[in-house]
Amino acid sequence: MGLFGTKKSMGQVDKANLPSHVAVIMDGNGRWAQKRGLPRSAGHRAGAEMFRRIGTYCKELRIDYLTVYAFSTENWKRPQDEVDGIMRLLKQYLHECIDTMERDRNRLRFLGDLSVLDEETRALICRTDEISARIDGFQANICLNYGGRGEIVHAARAFAADCAAGKYAPDSLSEEGFERYLYSAGLPSPELLIRPGGEKRISNYLLWQCAYSEFYYTDTLWPDFDEREFDKALIAYQSRDRRFGGLSRQ
Ligand code: IPE
Ligand code: IPE
Ligand code: MG
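See below:
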């Protein structure tokens, strides 16, 4: 309690100390639906809606990048109708983006192995890429058919091919040079990684990029992870002492 009996506030987001890049594992859609006696597909729809809201909120806060895990290379193990439902939702979302992203000045980028997606989806992604290239400002990155190990192997193969073609010598490779072969080339590392949905694992997400990210876990399921929950994650992030192997600033 404060001096006059006012309740001490939980703290506020310091707008001067925001991360530039936030990554989110959008987990818990299925359980959210199950709790309501709804099909899992309803959870994915609610999750997609929350992604729109949190994207808008990040933009308002002037966070530069929001990177979300939408579908992992392991998620193909799910029943076909669930996978089909997620891919249908994705197409709907892409159509919506094509109509609105230029007006709203939202860039969109996809990270992952997109070669296995159907032709229609790949064509829609080409269009969002073209629009994104014309604008600047906030960027949402969607990890789709994404796996961190797969990304590193893909990058290693591409570098090896460049070596075989005589472009580089193997021992000329630096960490920064290797990053240019990752799906995330050109993006800064996320300062904050949020996992709603109660699990405390990385599930093959951004293995290279999260080397020094601050982790925030919560039991709140992704479709319930609203702006207030996002604020809580930011406040937690702002209380961390990021040492990067050095010593504390205090
Ligand atoms: C995350 O929610 C969405 C995807 C993995 C595509 P889940 O579908 O994993 O939801 P839970 O974890 O089963 O509740
Ligand atoms: C991680 O969630 C992948 C996405 C959110 C897209 P999962 O639900 O697939 O992760 P696990 O299976 O619990 O590790
Ligand atoms: Mg899950």
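Using my numbering, the first residue of the sequence shown is number 17, and each one after it goes up by one.
Beta carbons: idealized from backbone N, C-alpha and C, even for Gly.
>> Tell me whether D178, by its Cβ, gets closer than 6 angstroms to a heavy atom of ligand 3.
In response: Because no heavy atom of ligand 3 lies under 6 angstroms away, the Cβ of D178 does not count as near it: no.
> Would you call the segment 156-176 and the segment 220-238 touching, i.e. three or more CB-CB distances under 8 angstroms?
Replying inline: These segments touch.
>> Counting C-beta neighbours from all protein chains within 10 Å, is the total for W238 16 or more, i.e. buried, or is it exposed?
In response: buried
>> For the segment 210-217 against the segment 175-190, do three or more pairs of beta-carbon atoms, one drawn from each stretch, fall closer than 8 angstroms, so that the two count as touching?
In response: no
>> On the criterion of 16 or more Cβ atoms from any shown chain inside 10 Å, does D152 qualify as buried, or is it exposed?
In response: With fewer than 16 Cβ atoms within 10 Å of its Cβ, D152 is classed as exposed.
> How about D235: is its Cβ closer than 6 angstroms to a heavy atom in ligand 3?
Replying inline: no
> Can you give the Cα-Cα distance for G18 and A32, rounded to whole angstroms?
Replying inline: For G18, the predicted model reports a pLDDT of 45, less than 50, meaning its position is unreliable; a value from the coordinates is still stated below. Going by the C-alpha atoms only, they are around 25 angstroms apart.
> How should L160 be labelled, buried or exposed, when 16 other C-beta atoms within 10 angstroms of its C-beta is the threshold for buried?
Replying inline: buried
> Cβ-heavy atom distance between N161 and ligand 1 below 6 angstroms?
Replying inline: no
> Of all the options R69, D178, E207, F67, which has the alpha carbon lying nearest to the alpha carbon of R196?
Replying inline: Checked all of R69, D178, E207, F67; the closest Cα to R196 is D178.
>> Just to confirm before moving on: does the CB-CB distance between A171 and L198 stay below 7 angstroms?
In response: yes
>> Tell me which residue opens and which closes the alpha helix (DSSP H) that V99 is part of.
In response: 96-120
>> Going by C-alpha to C-alpha distance, which of C226, F241, D242, E207 sits closest to D257?
In response: Of the residues C226, F241, D242, E207, the one whose Cα lies closest to the Cα of D257 is E207.
> Buried or exposed: L263, going by 16 or more other Cβ atoms within 10 Å of its Cβ?
Replying inline: The C-beta of L263 has fewer than 16 other C-beta atoms within 10 Å across all chains shown, which makes the residue exposed.
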